[in-house]
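Encoded as structure tokens, the structure appears first; notes follow it.
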Amino acid sequence: MPCERKPMRYGHSEGHTEVCFDDSGKFFVTCGNDGDVRIWEGLDDDDPKFITVGEKVYSLALKNGKLVTASSNNTVQMHTFPDGDPDGILTRFTTNATHVTFNSSGSRVAAGSRYEIQEKCSDLASQQS
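Yeah, the sequence shown ends on 129 if you go by UniProt numbering, and it's all consecutive.
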């Protein structure tokens with residue numbers, strides 16, 4: 001079966017990029033060294049919504065209508081999904097936050113930094129919106 005090569009789509013400037021799907025699989029979200037998060041409504045979306053989070057965005061996670069980012073401004077931030085409205089800072093590090101993930105139920109977020117030997121967990125039920 002021959003491979004069909006489809007046109008590539010510009011997502012972010014050169015450098016580190018992350019991507020994930022939402023729970024429904026309808027949307028996918030990308031982030032990168034340009035400091036933006038892009039919310040794509042399917043593979044054919046030519047005009048994704050974008051959110052400027054910081055100078056660089058290293059990681060993102062998406063669960064239950066919540067979008068969490070780890071960025072070069074040392075913060076882990078929450079946004080609503082799919083609107084992308086800011087919904088608070090979950091935690092701060094003394095250096096770049098480099099990874100975020102949800103637990104399987106989406107009730108907790110774990111975040112880390114490659115330069116700090118620690119992990120910070122946030123219970124979303126106790127967060128103020």
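Every residue gets a Cβ at the ideal spot worked out from N, C-alpha and C, and that includes glycine.
Best match in the options for proximity to residue i [C-alpha to C-alpha]
| i | options | result |
| --- | --- | --- |
| I89 | V76, V100 and F81 | V76 |
| S104 | T94, R92, H16 and N64 | N64 |
| D36 | D45, T17 and H99 | T17 |
| G84 | P48, T101, Y115 and G106 | P48 |
| I51 | F102, S107, E14 and P82 | P82 |
| residue 170 | V100, P86, D34 and D87 | Outside the shown range of the chain (1 to 129) lies residue 170, about which nothing can therefore be said. |
Unbroken beta strand (DSSP E) run spanning residue i, endpoints
| i | result |
| --- | --- |
| E18 | T17 to F21 |
| P86 | P86 to R92 |
As assigned by DSSP and simplified to three states, the class of residue i
| i | result |
| --- | --- |
| A97 | coil |
| L62 | strand |
| L67 | strand |
For residue i, the residue or residues it bridges with in DSSP
| i | result |
| --- | --- |
| D36 | T52 |
| F102 | V109 |
| F27 | F27 is not bridged to any residue. |
| S122 | V109 |
Within 7 Å, strictly: CB atoms of residue i and residue j
| i | j | result |
| --- | --- | --- |
| C31 | V68 | no |
| V53 | S71 | yes |
| L62 | D22 | yes |
| S113 | T91 | no |
| N33 | S59 | no |
CB contact check: residue i to chain B, cutoff 7 Å
| i | result |
| --- | --- |
| F21 | Looking at the structure shown, chain B is missing, and only one protein chain is on hand. |
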